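Okay, so here's the structure we're looking at.
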Amino acid sequence: MPIIVNHVGWTVLICSVAAFLFASHASAATSEPPAVPVGVDAYRMWDHWADQRIGVRAYMRSTYDRAGGNDSADASHFLFQTDDDLSVPLDVEGPGILYFVRYNHWHGSPWHYVVDGTDHVVQESATADPRHPRANSVFIPEQAFPSPLAVTWSATKGADLSWVPIGFERSFRMAYGRTHYGTGYFIYHQIVPGTRLSRPVQAWTGAERPDQDVLDLLNRSGQDLVPRADSVEGRRMGIHERSDERLLPAGATTELAKLDQAPALLRAIEISVPRESAMELSNVRLRITWDGRKAASVDAPLPLFFGAGTLYNRDGREYLVKAFPVTIRFDDQRVHLACYFPMPFFRSARIELVNSGEAIDEVRWAVRWTPLKAAPNQVGYFHATYRDHPQPELGKDLVLLDTAKVEGGGDWSGQFIGTSFIFSHNAELRTLEGDPRFFFDDSNTPQAQGTGTEEWGGGGDYWGGLTMSLPLAGHPVGAQQGKAKSADDAVESAYRFLLADLMPFGKNARIQFEHGGTDESKEHYETVAYWYGIPAASLVLTDELKLADAESERAHHYVSPDASPPGQITSRYEWGVDHIGKLEVYPAETDSGRHTTGTSQFTLHLRRDNLGVLLRRKLDYAFPNQRAEVFVADASQSAASSAADWKPAGVWYLAGSNTCVYSAPKDELGPAEHHVQTSNRRFRDDEFLVPRALTEGRSAIRVRVKFTEVRRPLFPGQPIPPLAWSELKYSAYCFVRPEFDPGR
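If you use this note's numbering, the sequence shown corresponds to residues 2 to 745, in order.
Next up, the structure:
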């Protein structure tokens, strides 16, 4: 049971198992990665946001238009239908945790969460009478989906959202009961077996209620989350505090603080100005440089960094932003900006304000920090990467972050944790049709593919033009179209923070947004990408097998008696729309490979110091529901393996294909439809996580992939298409301890 200690309006949370594991940071060898917070521990242990998540992979799936466009606003595209009231957008095998779900209003409810084969019906209270929905609706079962981990369209202005962790040990499937306006996106994690966790992954039963201390913590969004240095708990934690009041001269850079009591964890940054000076902060940038590095890791406009595109407060709210990690609060005299992202450093932290406008008087600031016990390769530096996009390029996504091009480039390991962005300076809301697409660690398939920009920001239907601010998502500023009171009121922005549902990467990350439904918007965007990272890899490519290449097959001892002859495929990856009018945005490419209905075996070389292996396969996604049992043997000494050497590694399964079933009845209660849609995108990269026990200490492994067909039609009554396991390329990436010295 958690131990909860209350003191002067803040709460210290200690979980018996998780606290022990995280306290071991102080004594753990620097070579061992930190334990990964699992389930509600990810919230409870939020001060470990910066910890490396080595061995964790995040995926975001959705009902997006498979042709790369914006068909039906990216709604109602399903992998398959098993019945007229069971349309499936997500189907996963292996252990994992579903961390986030977003639906448009109640549409699609009742939903079926099939956890390890057991069907749990999840509904929204509007399901019984969806033509006459009532405000203040809730998820059902209500005890399993309490606020603020689960909120519905009344609070979000258009969406049903759940951050309740749903664990599964063998498999998870989600099905929609109804398909009218059936849009949604879902974030889940899968973890290398053998990775050190704060608690075991356990199957969700539908009966458990998230721990009250976690709900209380999120309900404190907007309040001070970190003890003051002069409090009892602040003294116990060793919190240091520094504050002052300054004049920000016009056109000058002002150093607020240079912290050199290190290693340390910056826990709070607070800035306030007189209320009448609030708009002047639009000309001020926050800049933070860690450990004397050549480039600042935080360099962003002050309002946008704290979650809002402007500090214009059209309706005089107390809270412009009431998020968990950042807050913008107005009182009668001043506007207060606060940030609680934990920020580690090892030698120094330099915090500056860069004022490109007029002088601002009475600028008060305070910072708080505490000693840091983690090793440099166990955590990441906090980053807020700002990009200005005044003229988006037709047909090309906006790039919010490309780690290969920041702070000297090269390899980076860490995690992507959110965005704050302006999507219009003209109260133009149609930009919100643009989808987020995120690529990690050399993958050519987006590991995260969404359905729209306001969906990413936690809303639906453009939030109805209204504003809202939740702990982890919000649309804090902006007027309804045509109703802006001024140019400042026409600035539209949103934020989305990732905590339990953060997205780790071990080599590189590229965060992209469509601008408009087909990358056609000309609006002026400004974006901040929040992430943790150090300039060292925790995921290393060690070998690649190229199928249909005789030399590569021979070098990797490839054997597949039932494989097809080599064949060429000309197609594309899913990178968005490939044509805009006569403009070809993404030309088709040609590659070669094989497919089999039997078994393939091959050898891949590793690093002996690996902590598990990620196998990536390039495949032809025209074959549906590709499933195989995977076995691994030690090949450090020889490529030959006896029957006794093979150990089961799990099931490699990719649901669906480039052909989906589209069902979007016009009526709320209309029956499911069965429209077959096939895209011209057959190339796909897919991943499988090999247990640490089968790879660590080995310089090579022998892999056996045994195809197991899934004889399931696209929808009942459809013929079953040809089935096979497709393979164009296999890549072995080793999870490793990153090598990083902050003194270099």
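We put the beta carbon where it would ideally sit given N, CA and C, even for glycine. Remember, it's a predicted structure, so these values are computed and weren't measured experimentally.
Residues that DSSP places opposite residue i in a beta bridge
i: Pro-437; result: Phe-514
i: Thr-420; result: Arg-497 and Ala-530
i: Asp-84; result: Leu-87
i: Met-344; result: Leu-267
i: Arg-288; result: Asp-300 and Glu-353
i: Glu-94; result: Ser-172
i: Asp-120; result: Val-115
i: Leu-546; result: Tyr-731
i: Trp-726; result: Thr-597
i: Lys-323; result: Thr-328
i: Phe-187; result: Arg-62 and Val-102
i: Ala-151; result: Ser-163
i: Thr-432; result: For Thr-432, which the question treats as bridged, DSSP gives no partner whatsoever.
Where residue i sits in the DSSP three-state scheme
i: Pro-692; result: coil
i: Asn-105; result: strand
i: Ala-29; result: Here Ala-29 scores only 39 on pLDDT, less than 50, and its place in the model should not be relied on; the value that follows carries that caveat. Here Ala-29 sits in coil by DSSP.
i: Lys-558; result: One detail in the question is off: residue 558 reads as His in this sequence, not Lys. His-558: coil per DSSP, three-state reduction.
i: Pro-304; result: helix
i: Ser-244; result: strand
i: Lys-406; result: helix
i: Trp-205; result: coil
i: Gly-594; result: strand
i: Val-215; result: helix
i: Ser-278; result: helix
i: Ser-553; result: helix
i: His-49; result: helix
i: Arg-609; result: coil
i: Thr-660; result: strand
i: Tyr-177; result: strand
i: Thr-571; result: strand
i: Tyr-766; result: The structure shown does not extend to residue 766, since the chain is modelled only from 2 to 745, so the question has no answer here.
i: Arg-67; result: coil
i: Tyr-463; result: helix
i: Gln-482; result: coil
i: Thr-157; result: helix
i: Glu-125; result: strand
i: Asp-72; result: helix
First and last residue of the uninterrupted alpha helix (DSSP H) at residue i
i: Asp-161; result: Segment 160-163 is the beta strand (DSSP E) holding Asp-161; no alpha helix (DSSP H) there.
i: Val-233; result: 233-238
i: Ala-43; result: 42-45
N- and C-terminal bounds of the beta strand (DSSP E) containing residue i
i: Gly-651; result: 648-655
i: Asp-489; result: From DSSP, Asp-489 is part of no beta strand (DSSP E); its letter is neither H nor E.
i: Asn-356; result: 350-356
i: Trp-366; result: 361-372
i: Thr-604; result: 600-606
i: Thr-452; result: Note, Thr-452: premise wrong, no beta strand (DSSP E); not H, not E.
i: Ala-701; result: 701-708
i: Leu-620; result: 614-621
i: Tyr-382; result: 382-390
Cβ-Cβ separation, residue j to residue i (assumed contact under 8 Å), whole Å
i: Arg-103; j: Ala-160; result: 6 Å
i: Arg-699; j: Leu-615; result: Actually they do not touch by this definition, with Cβ atoms about 15 Å apart.
i: Pro-575; j: Pro-447; result: In the sequence on display, residue 575 carries Glu and not Pro. Confirmed, Cβ separation roughly 7 Å.
i: Ser-349; j: Ala-230; result: No, Ser-349 and Ala-230 are not in contact; Cβ-Cβ is about 19 Å, not under 8 Å.
i: Pro-147; j: Leu-216; result: 6 Å
With 16 other Cβ atoms within 10 Å as the buried cut-off, status of residue i
i: Ser-244; result: exposed
i: Gly-651; result: buried
i: Val-41; result: buried
i: Asn-356; result: buried
i: Asn-7; result: In this prediction, Asn-7 has a pLDDT of 34, which is less than 50 and means its spatial position is unreliable; what the coordinates show is noted afterwards. Exposed, because fewer than 16 other Cβ atoms sit within 10 Å of the Cβ of Asn-7.
i: Val-677; result: exposed
i: Gly-756; result: No statement about residue 756 is possible, as the shown extent of the chain runs from 2 to 745 and does not include it.
i: Ile-535; result: buried
i: Glu-527; result: buried
i: Val-233; result: exposed
i: Thr-252; result: Checking the sequence, you will find Gly at residue 252 rather than Thr. Result: exposed.
i: Arg-609; result: exposed
i: Gly-507; result: buried
i: Thr-571; result: exposed
i: Asn-1; result: Not covered by the structure: residue 1. The range shown for the chain is 2 to 745.
i: Gly-239; result: exposed
i: Leu-282; result: buried
Any non-hydrogen atom of the ligand PLP closer than 7 Å to residue i Cβ
i: Tyr-663; result: In the structure shown, the ligand PLP is absent, as is every other ligand, since no ligand is present at all.
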